[in-house]
Amino acid sequence: MDLPRQKDAQGAIREAFAALHPGSAHLLMSGPAVFALSSATAMRHDVDTMALFSTLIVATILYWRFRSLWVLAAIGVPFLLSLGVAMIVVRLVFGSVHGIAFGFGMTMLGVSLDYPVLLIGHRDRGEGPGATLRRIGDSLRIGVATAILGLTGMMFCGLPGLAQLGTFAAAGLLTAAIVTLRIMPGLIVSADLAPVVSGPSPCLRRAETARTWRIACLIPVVAGLAAMALHPLRLDTRLAALSSIPARRLVLDEAFRRELGVPDASLMMAVSGRDAQDVLRREEAMLPVMTRLAAQGAITGAQDAARLLPSVALQRGRARTLPDAATLKQAVTTAREDLPFRESAFDGFVDDVTASRQMPPLRPEDLRGTPLATALSSLIFERGGSWWGLVLPEGVSDPEAVAAAMAGRPNVLVLDLHREMDGLSAHYMARTLRYMAFGCLLALGVLAAGLRDVRRAGRVLGAVGAALVTLLGIFALLDVRLTLVHFIALQFVTGVSLDYALFFARPQLDDEERARTMRTLLTCNAMTALTFGLLALCQTVILRHIGMTVAPGVVLAMIFGFLLAGQRIGTGRARIS
1 MDLPRQKDAQ GAIREAFAAL HPGSAHLLMS GPAVFALSSA TAMRHDVDTM ALFSTLIVAT
61 ILYWRFRSLW VLAAIGVPFL LSLGVAMIVV RLVFGSVHGI AFGFGMTMLG VSLDYPVLLI
121 GHRDRGEGPG ATLRRIGDSL RIGVATAILG LTGMMFCGLP GLAQLGTFAA AGLLTAAIVT
181 LRIMPGLIVS ADLAPVVSGP SPCLRRAETA RTWRIACLIP VVAGLAAMAL HPLRLDTRLA
241 ALSSIPARRL VLDEAFRREL GVPDASLMMA VSGRDAQDVL RREEAMLPVM TRLAAQGAIT
301 GAQDAARLLP SVALQRGRAR TLPDAATLKQ AVTTAREDLP FRESAFDGFV DDVTASRQMP
361 PLRPEDLRGT PLATALSSLI FERGGSWWGL VLPEGVSDPE AVAAAMAGRP NVLVLDLHRE
421 MDGLSAHYMA RTLRYMAFGC LLALGVLAAG LRDVRRAGRV LGAVGAALVT LLGIFALLDV
481 RLTLVHFIAL QFVTGVSLDY ALFFARPQLD DEERARTMRT LLTCNAMTAL TFGLLALCQT
541 VILRHIGMTV APGVVLAMIF GFLLAGQRIG TGRARIS
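Going letter by letter, the sequence shown gives residues 1 to 577 in UniProt numbering.
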């Protein structure tokens with residue numbers, strides 16, 4: 001659909017309406033073109049607003065944390081490079097960049113800011129380029145690898161927009177990680193970039209003591225499990241659940257269709273035939289069935305090509321039923337006896353009937369260039385050497401009865417578009433979940449191989465699991481029906497949770513290193529939570545669902561990562577030196 005031209009057309013309609021000085025009258029427009037333009041406009045507004053406010057939020061947090069414009073510039077390098085590489089990769093693989101891939105991809109790549117923040121936040125002033133990486137490099141690499149593997153569900157889901165988003169995010173995260181690990185160390189050492197405050201504080205020391213109460217984490221986890229047991233989570237595989245069209249617009253559209261008598265677009269019948277005449281004859285044979293369905297109340301009527309243009313056979317049959325000139329004249333003479341009509345009053349009628357009896361039948365090609373051809377072309381057409389006719393029922397109240405009535409007709413295909421599209425959406429959700437599960441298994445393998453410590457891996461997975469169970473428990477209490485978008489957002493939350501847990505689970509060197517980790521992860525968490533919190537305010541339903549999932553999810557990830565993944569003070573290598 002050409003959205004710029006649609007925008008011009010709808011603008012012209014509004015201008016023409018305003019020029020009429022309508023007074024208290026209001027102009028209401030609906031239809032696919034209006035939906036497409038309003039959705040694109042809303043998404044563009046959301047993306048632009050997000051880009052502006054998220055940039056301000058991130059810049060403010062980073063400046064407050066590091067007190068340096070040079071740090072802001074340095075942190076922007078991996079993000080900008082990852083954005084550029086991601087767009088190039090997606091364009092090379094798919095040929096173009098989908099709007100949702102770019103809009104949400106930019107938000108997802110905002111997490112790539114965490115990588116340079118983690119590097120700079122853990123650096124001690126005067127420290128060499130390799131020293132910081134030796135402490136955090138392994139955790140950073142494992143986090144990147146598991147995050148990219150977790151994106152396989154999107155990359156191979158089969159939906160172009162989501163596949164682009166997964167590829168966009170994977171390429172961007174990999175680029176940001178490479179830049180952070182290979183280029184950033186030398187850059188930050190040359191500029192001597194480091195946190196202004198890096199040592200422990202009384203507040204952080206008090207926070208560390210909260211780990212002694214980690215058993216309390218069982219309360220929200222058990223509550224989450226109980227909520228899911230009492231109110232089981234429900235999946236919403238309907239395509240409408242992913243629609244960005246507001247409900248009020250759909251209600252208006254339904255009212256328009258009902259008032260105008262427009263056929264129900266969700267149910268149709270496709271009639272196939274050798275040629276146009278074959279299709280028209282088959283549609284005429286369906287007329288008694290459609291009449292019976294209307295009498296039963298299953299439908300109120302139907303539109304098809306045969307009602308606009310009968311088949312040649314039916315036209316000829318009707319012509320043969322017309323009387324010849326002599327018979328008609330005799331009938332007219334008998335009818336006007338004792339009536340005050342001139343003898344020649346009905347000669348024109350007799351001539352017209354005689355001409356109609358001899359006229360050749362009309363065919364679809366005879367109507368070219370007429371208004372009737374426009375209506376007919378959408379109801380009967382040729383595709384791939386076969387002819388098809390569409391029968392569009394009106395006022396459908398019993399689609400099962402319609403399907404049953406057409407069951408014995410091999411050349412009639414009943415299409416319930418809502419059911420078919422919902423089935424397709426369910427198929428893609430199942431496929432996405434399978435690939436997500438496969439990616440999670442690969443990520444677990446990478447985690448086990450990278451950590452090589454069962455207890456440490458257990459703490460990491462425990463923190464991630466606790467965050468997810470608690471979040472899903474909240475969804476169960478709020479009766480949130482999970483869509484494909486929610487699963488994508490949960491996948492994102494899982495990746496962030498792993499990052500936090502991996503850094504909290506590192507063997508800390510001393511209390512200063514623990515303080516650096518805490519401050520740095522709090523910075524990353526604030527950026528992510530506030531950025532995705534903005535998404536929860538968007539007009540676009542998809543973006544709003546993502547924001548309402550990720551924002552609380554990353555906060556829970558921070559809490560459980562701190563309480564469960566980290567070692568208590570005084571245990572093993574976590575002892576204050």
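Even glycine gets a Cβ: it sits at the ideal position worked out from N, Cα and C.
Q | Residue from 357, 146, 57 whose Cα sits closest to the Cα of residue 441 | A | Of the listed residues, the one whose Cα sits closest to residue 441 is 146.
Q | Contact check, residue 536 vs residue 553, beta carbons under 8 Å | A | Result no, Cβ atoms of residue 536 and residue 553 do not sit closer than 8 Å.
Q | Cross-strand partners of residue 474 (DSSP beta bridge) | A | Per DSSP, none; premise fails for residue 474.
**Q.** Test item: CB-CB of residue 286 and residue 414 under 8 Å
**A.** Going by C-beta atoms, residue 286 is not nearer than 8 Å to residue 414.
Q | Start and end residues, alpha helix (DSSP H) containing residue 190 | A | Run containing residue 190: 184-190, per the alpha helix (DSSP H) assignment.
Q. Under the three-state reduction of DSSP, which class applies to residue 383: helix, strand or coil?
A. Strand.
(Q) According to DSSP, is residue 337 part of a helix, a strand, or is it coil? (A) Note: residue 337 maps to coil in three-state DSSP.
Q | Within the region 62-126, ranges of the beta strand (DSSP E) (whole runs, at least 3 residues) | A | List check, beta strand (DSSP E) in window: nothing returned.
Q. My guess is that residue 564 and residue 217 are in contact by the Cβ rule of under 8 Å, so how many angstroms apart are they, rounded?
A. A Cβ-Cβ separation of about 6 Å places residue 564 in contact with residue 217 under the 8 Å criterion.
Q) Since residue 119 and residue 132 are thought to touch, with beta carbons under 8 Å apart, how far apart are those beta carbons, to the nearest angstrom? A) That pair is a contact at about 6 Å.
Q) So, using beta-carbon positions, are residue 238 and residue 422 closer together than 8 Å? A) In contact: residue 238 and residue 422 (Cβ atoms closer than 8 Å).
**Q.** Reduced DSSP category for residue 30 - H, G, I as helix; E, B as strand; rest coil
**A.** Coil, per DSSP.
Q | Closest residue to residue 281 among 254, 220, 253, 314 (Cα-Cα distance) | A | Closest in alpha carbon position to residue 281, among 254, 220, 253, 314, is 314.
Q: Measure the Cβ-Cβ separation of residue 201 and residue 526 and say whether it is below 8 Å.
A: The Cβ-Cβ distance between residue 201 and residue 526 does not fall below 8 Å.
Q.
Measuring alpha carbon to alpha carbon, tell me which residue in 387, 247, 427, 396 is nearest residue 411.
A. Ranking 387, 247, 427, 396 by Cα distance to residue 411 puts 387 first.
Q: May I have the straight-line CA-CA distance separating residue 518 from residue 6, to the nearest angstrom?
A: Cα to Cα, residue 518 sits roughly 52 Å from residue 6.
Q: Note the first and the last residue of the continuous alpha helix (DSSP H) segment covering residue 424.
A: 417-451 is the span of the alpha helix (DSSP H), which, as asked, contains residue 424.
Q. How many angstroms separate the CA atom of residue 250 from the CA atom of residue 402?
A. Between residue 250 and residue 402, the C-alpha separation is close to 25 Å.
Q | Which residues DSSP lists as bridging residue 213, in chain order | A | Its beta-bridge partners do not exist; DSSP assigns none.
**Q.** residue 202 in three-state terms, based on DSSP
**A.** The answer is helix: DSSP assigns residue 202 an H, G or I state.
(Q) Taking its Cβ as the centre, do 16 or more other Cβ atoms sit within 10 Å of residue 122, making it buried, or is it exposed? (A) Looking at its Cβ environment, which holds 16 or more other Cβ atoms inside 10 Å, residue 122 is buried.
Q: For residue 576, name the three-state secondary structure that DSSP assigns.
A: With a pLDDT of 34 at residue 576, under the threshold of 50, the modelled position of that residue is not reliable, and no figure is offered here.
Q: Apply the 10 Å Cβ neighbour rule to residue 330 and answer buried if 16 or more other Cβ atoms are within range, or exposed otherwise.
A: Answer is exposed; the Cβ neighbour count stays below 16.
Q. Do you know how far the Cα of residue 335 is from the Cα of residue 322?
A. Answer to the nearest angstrom: the Cα atoms are 17 Å apart.
Q: Pull up the distance between the alpha-carbon of residue 465 and that of residue 557, whole angstroms please.
A: Going by the C-alpha atoms only, they are around 9 Å apart.
Q: On a CA-only basis, which of 24, 28, 23, 3 is nearest residue 13? Give me that one, please.
A: It is 28 whose Cα lies nearest to the Cα of residue 13.
Q | Local Cβ density within 10 Å of residue 396, reported as buried at 16 or more and exposed below that | A | Flag for residue 396 reads buried.
Q: Spatial neighbours of residue 10 within its chain, please: CB distance less than 6 Å, with the 5 preceding and 5 following residues excluded, ordered by chain position.
A: Nothing listed; no residue qualifies.
**Q.** residue 251 in three-state terms, based on DSSP
**A.** Correct three-state label for residue 251: helix.
Q) Do you know how far the Cα of residue 432 is from the Cα of residue 174? A) Taking the straight line joining both Cα atoms gives about 21 Å.
Q | the region 146-158 in contact with the region 52-65 per 3-pair CB rule at 8 Å | A | In short, these stretches do not touch, since the Cβ pair count stays below three.
Q. Name the DSSP beta bridge partners of residue 323, please?
A. Residue 323 is bridged by DSSP to nothing; it lacks a bridge partner.
(Q) Among the candidates 501, 534, 407, whose CA atom is the shortest distance from the CA of residue 139? (A) Considering only 501, 534, 407, the residue with the shortest C-alpha distance to residue 139 is 501.
**Q.** Beta-bridge pairing of residue 393 - partner residues as DSSP gives them
**A.** According to DSSP, which records beta bridges pairwise, residue 393 is partnered with 302.
Q) Which residues in the same chain have their Cβ closer than 6 Å to the Cβ of residue 354, if we skip the five residues on either side of it in sequence? A) Excluding sequence neighbours, residue 354 sits near 325.
Q.
Here's a check: name, in chain order, each residue in its chain whose Cβ is nearer than 6 Å to the Cβ of residue 418, leaving out the five neighbours to either side.
A. For residue 418, where only same-chain residues beyond five positions count, the Cβ hits under 6 Å are 266.
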